[in-house]
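Numbering (the numbering used here), first residue to last: 5 to 236.
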């Protein structure tokens, strides 16, 4: 009788151990697959500022894909952090784990006191070879080889909305981001990006043009809030 109980107990423990190992292996496989998807196919990004209102308001969540071809005029893109800091192996591991368990919603590298370390979603307005200038926060563009300037809205194949806030009468236009600037020509592999909230945002007016390697991915849809679901 005791032998039977011992054998039963042994089998039970072995079965429990097998299930535990299977669960761990299953979890590791799922973890690897999800990270592959998030790294190479699609991942969620939370908008943490009002820089892209009204189309991408603060706290909205969008899907971004790193799989894209040549950036097009009107694309909303995710930019790499402007503040590049070398991280040690422990910080990188913690960043990957925390990002995974929060579905990419928590970024351990971001710092509220340094806005440029947060997610930067911006819209591509100027392409390589464009001649551009800005008047009253609207960009005017003459594509390479063309003879006339057109507004950014006339040239973009993607409709979008901008937010303008009328500054006070005595507002100093040299403070903050400029609403107007003189003509300039974008060089090879230079893109001019702007926020849709043209008054309160840092973009190419402060940073200068960006290169393609600074683009981490392209927004393909906004899925939260659900009532404002939108394809990009």
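Glycine included, C-beta positions come from ideal geometry on N, C-alpha and C.
- Here residue 37 is not near residue 129, since their CB atoms are 8 Å or more apart.
- Residue 124 is bridged by DSSP to 83.
- In the pairwise beta carbon analysis, the stretch 217-235 is classified as touching the stretch 54-71: at least three pairs are separated by under 8 Å.
- Cβ contact annotation for residue 231 (same chain, cutoff 6 Å, sequence separation greater than five): none.
- Residue pairing by DSSP places residue 201 opposite 167 in a beta bridge.
- About 7 Å separates the beta carbon of residue 82 from that of residue 124, a gap short enough to meet the 8 Å contact definition.
- Between the stretch 39-59 and the stretch 184-195, the count of Cβ pairs shorter than 8 Å is below three; the stretches do not touch.
- If you draw a straight line from the Cα of residue 137 to the Cα of residue 144, it comes to about 5 Å.
- At the C-beta level, residue 127 and residue 183 stay beyond 8 Å of one another.
- In terms of Cα proximity to residue 209, the closest of 53, 200 and 217 is 200.
- A Cβ-Cβ separation of about 33 Å leaves residue 185 out of contact with residue 65 under the 8 Å criterion.
- When DSSP states are grouped into helix, strand and coil, residue 224 belongs to the strand group.
- With fewer than 16 other CB atoms across the displayed protein chains lying within 10 angstroms of its CB, residue 154 is exposed.
- Comparing C-alpha distances from residue 217 to each of 151, 29, 207 and 75 shows the shortest one belongs to 75.
- Judged by DSSP in its simplified three-state form, residue 136 adopts strand.
- Residue pairing by DSSP puts residue 130 in a beta bridge opposite 196.
- Residue 27 and residue 17 have their C-alpha atoms spaced approximately 15 Å apart.
- In this structure, the beta-carbon distance from residue 167 to residue 58 falls below 8 Å.
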